[in-house]
Amino acid sequence: MATKTAKKTTKATATKKKTTRRRSKVKKNLVIVESPSKAKTIGRFLGRSYKVVASLGHVRDLPKSRMGVDIEHDYQPDYISIRGKGDVIKELRKDAKNAKAVYLASDPDREGEAIAWHVSNILKLDDDQKNRVTFNEITKDAVKNAFKEPRTINMDLVDAQQARRVLDRLVGYSISPILWKKVKKGLSAGRVQSVALNLIIQRENEIRNFKPEEYWTIDAEFKHGRDKFTAAFYGENDKKVKLSNNEDVQRILGKLDKKQDFAITKVTRKERRRQPQPPYTTSTMQQDANRRLNFRTRKTMMAAQMLYEGIDIKQGAPVGLITYMRTDSTRIASIAKHEASQFIHEQYGGEYAAVKPVKGKLPEGAQDAHEAIRPTSVHRTPAKMKPYLTNDQYKLYSLIWARFVASQMTPEVIDTMNVNLEQNGVDFRANGSKVKFPGFTKVYKRGDDKDNVLPELNEGDQAQMVSDDPAQHFTQPPARYTEAALIKTLESNGVGRPSTYAPTLDTIQRRYYVRLVSRHFEPTELGEIVNKIIEKQFPDIVNAQFTADVEGKLDQVEEGKQNWIKVVDSFYQPFSKEVHNAEEQVAKIQMKDELAGIDCDICGAPMVVKMGRYGKFYACSRFPNCRNTKAIVKDTGVTCPVCKQGTVVERKSKKNRVFYGCSRYPDCDFVSWDRPIGRDCPKDGHFLVEKKVKGGKQVICPNGDYEEAVQK
């Protein structure tokens, strides 16, 4: 009996082993995405029958060591496997060989389509196979629905990306060698970066050539009953008058009798409605993050990428918190509008929910392939998500969530009041405003959301002038570009696309063509030299309209309306002639080393000023025999407040941030982020510093108990 039982057990065990082996040999569906975090999120949604792996971005590209474009044979690109991707490609091939089916789920844009096409090529997949899967948000429903309707690779999108890559290679690898020969090694030029650099230099020239004009204002304080309010000089006899100098001011003040009241001749009350802005596109998100959060463009895109690819919110699988972050559309899916409307009704009340939400206008040439950037679920409020996000992710998510919710809300209603005051033909005007209904500002406030309430005034009332405050002003030159302002200008000119802004701004800084000073771009000497050559020899490259036209043609390639080879050829034929002429006409620019006025403290030879990647520096004139170098420091002339022997000099940190230290370092270790001004605090004797504040500078005591305005 025992023997029979043993036999049965052995047989059952054998059957179980066979079943296990059979199960282990069941092939899985392979899904290939770009990043490991995206792979992890999608893998949780799809379950055990799918294996999700990452290609880690592109697997093939043009070679770095040569042009890699066959100009004689229809500009065919010579793609090679990217160095360092050998193991990744090997694993992808192995996984694909053992897979039941292969799906390519890279991002839903030109770049993502190109990555899918390159992966398909290295895996030798069938071009007619429906294996391309795209989704605009990484949520369970969106991903599962996408896998129900796979499609073939869109070759129009691939060709548009190929055309851009080939054009950029032709420009970069044609102009850069000229810059190496004529200026110095390591320089580069590109279609979009050259336009960006040119815009920055044009603005700098406007600032240099600007001639300030003097003008004056007269602000005055008035009293009506017990209430006080301010008004500003407008003109005479209901006509606006410009005050050009102090004589004009004294003439106006001479007409006034301080013992006589002003008559309130007109009071205009109106109701103004301020509409919410549409949800974010890539460009507007980058601009707002720069203005509101002080985020650099690259930082914004990195945080957005993480929010899109998936965050673990401790509720099952990680989930993408925002929709795809590379878009120039303000369109919103109807399901998202409905969810937002329900949320606004529940949280704020029906009067805050817009019946017809604001629709943004697409910029000229913009594509409408994707939705605007929005939260994947409006119920995942920033407050609920905060515990699972880094500080940067939380700040950006809060901005995206608030902007989207606000776009689905009613306008802000403001009561405005404009008052005209007159005495002896002299007119003053006071403007007041008060929020009547907050509308969308309940969730999305702006910096200028402040009431300026005037007292209850009516026509025929009298008001007494309490004091007047004439002030001299000078017109200001246009401001240098911030990252936000430059992106806005590039977009308004149709130059570049959502994915190009971050790398473009990064490149012109890495090449030291420009530097960021107090969040504003300033061109360097090197940048001006490069721009001068490109502007003279390749005028089309720095022409914003020409570059925008090229972008328009690339969009037509994407839509299947243009052949990419013809687009590239129409650009290259005239461009190649300019390259040939430039090689002959551009004279070699001698970057002469100027004497520094000091001797090398190692060998005694004169030191010279050289131009390096990060600006000018001192180097020994006997280089390479003597390799001594020194950073150039700017002496402020202020005595060191610590040792009283050295002077305070301006230095730069490794991150290129300006700070102040003692010239006797390391003997004296005084450092300060703010510039000492050479005076002590009248309260506690601590040295005073000049600190940058919003709107200018201010002299303060670091101990925080004293401050004074900077005299301009």
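This note's numbering numbers the first residue of the sequence shown as 83 and each following residue consecutively. Every residue, glycine too, gets a C-beta built ideally from N, C-alpha and C. This structure is a prediction, so every number in the text was calculated from the model and none was measured.
Closer than 6 Å by C-beta to residue i: which residues in its own chain qualify, once you throw out the five before and the five after it? Chain order, please.
| i | result |
| --- | --- |
| T557 | P294, E295 |
| E286 | P605 |
| P815 | This structure cannot settle anything about residue 815, because the visible part of the chain is limited to 83 through 794. |
| S365 | I569, E573 |
| M383 | A584 |
| N710 | C682, I684, C702 |
| I623 | S276, I616 |
Ends of the alpha helix (DSSP H) at residue i?
| i | result |
| --- | --- |
| D169 | 168 to 179 |
| F425 | 416 to 429 |
| R579 | Here R579 belongs to no alpha helix (DSSP H), and DSSP marks it neither H nor E. |
| L389 | 379 to 391 |
| K230 | 222 to 230 |
| Y583 | 583 to 592 |
| L375 | 364 to 375 |
| V277 | 273 to 291 |
| F315 | Per DSSP, F315 belongs to no alpha helix (DSSP H); it is in the beta strand (DSSP E), 309 to 318. |
| L205 | Unbroken run through L205: none, as it is neither H nor E. |
| N328 | 328 to 337 |
Within a Cβ cutoff of 7 Å, which residues of the same chain sit near residue i, ignoring the five residues on either side of it in sequence?
| i | result |
| --- | --- |
| G786 | none |
| A545 | F304, K305, H306, D343, F344, I346, L503 |
| L239 | R192, E195, E640 |
| K774 | S600 |
| V495 | E353, R355, K518, F519, G521 |
| E565 | N372, R378, T379, L587 |
| D762 | H768, F769, L770 |
Can you say whether residue i is buried or exposed, counting buried as having 16 or more other CB atoms within 10 angstroms of its CB?
| i | result |
| --- | --- |
| N534 | exposed |
| H662 | exposed |
| I684 | exposed |
| K635 | buried |
| A448 | Per-residue confidence for A448 stands at a pLDDT of 46, beneath the threshold of 50, marking its modelled position as unreliable; the derived number appears in the next sentence. Buried is the call here. |
| A488 | buried |
| V501 | buried |
| F311 | buried |
| F510 | buried |
| G743 | buried |
| Q368 | buried |
| P360 | buried |
| V548 | exposed |
| S658 | exposed |
| W755 | exposed |
| E43 | Within the shown structure, residues of the chain are numbered from 83 to 794, placing residue 43 beyond reach of any answer. |
| T299 | exposed |
| S416 | exposed |
| H555 | exposed |
| G576 | buried |
Let's see if you can read the secondary structure: which residues bound the beta strand (DSSP E) around residue i?
| i | result |
| --- | --- |
| V731 | 729 to 734 |
| S256 | Premise fails: S256 lies in the alpha helix (DSSP H), 237 to 264, not in any beta strand (DSSP E). |
| A187 | Per DSSP, A187 belongs to no beta strand (DSSP E) and is neither H nor E. |
| E296 | 296 to 306 |
| H555 | 544 to 556 |
| T571 | Run containing T571: none in the beta strand (DSSP E); it sits in the alpha helix (DSSP H), 565 to 574. |
| E604 | 602 to 605 |
Could one say the Cβ of residue i lies closer than 9 Å to chain D's Cβ atoms, at least one of them?
| i | result |
| --- | --- |
| C744 | The chain inventory of the structure shown lacks chain D, comprising one protein chain alone. |
In its own chain, which residues sit with a C-beta less than 8 Å from the C-beta of residue i, not counting the 5 before and 5 after it?
| i | result |
| --- | --- |
| Y283 | The sequence shown places Ile at residue 283, not Tyr. Cβ neighbours of I283 beyond the five flanking positions: P605, G609, E610, N613. |
| Q475 | A385, M388, L389, I393 |
| A687 | D681, C702, S703, R704, C708 |
| E541 | I346, T347, K348, V349 |
| Q644 | K635, Q638 |
| K396 | Y470 |
| Y563 | L281, I282, R285, T571, H602, F603 |
| L205 | L174, R175, A178, V184 |
Quick check: does the Cβ of residue i come within less than 8 Å of any heavy atom belonging to the ligand FMN?
| i | result |
| --- | --- |
| R709 | Because no ligand of any kind appears in the structure shown, any question about the ligand FMN cannot be addressed here. |
Quiz item: Three or more beta-carbon pairs under 8 Å between the segment 590 to 604 and the segment 392 to 405, yes or no?
Solution: no
Quiz item: Enumerated in chain order, which unbroken segments of the alpha helix (DSSP H) with a length of 4 residues or greater are wholly contained in the segment 446 to 534?
Solution: 464 to 467, 473 to 489
Self-check item: Any alpha helix (DSSP H) of 4 or more consecutive residues that is wholly inside the segment 641 to 717
Solution: 646 to 667
Quiz item: Is it a yes or a no for the segment 578 to 588 touching the segment 368 to 379, going by three-plus beta-carbon pairs under 8 Å?
Solution: yes
Practice problem: Would you check if there are 3 or more beta carbon pairs closer than 8 Å linking the segment 630 to 643 to the segment 240 to 247? | Solution: yes
Quiz item: With a cut-off of 8 Å, do at least 3 Cβ pairs link the segment 422 to 439 to the segment 466 to 478?
Solution: no
Quiz prompt | Three or more C-beta pairs below 8 Å linking the segment 368 to 375 and the segment 510 to 524 | solution = no
Quiz item: Between the segment 207 to 222 and the segment 248 to 256, are three or more C-beta pairs nearer than 8 Å?
Solution: no
Practice problem: Check whether the segment 137 to 157 touches the segment 640 to 658, taking contact to mean three or more Cβ pairs, one atom from each stretch, closer than 8 Å. | Solution: yes
Quiz item: If you pair each beta-carbon of the segment 414 to 422 with each one of the segment 325 to 333, do three or more pairs fall below 8 Å?
Solution: no
Exercise. Inspect the CB distances between the segment 112 to 129 and the segment 169 to 185 and report whether three or more fall short of 8 Å.
Key: yes
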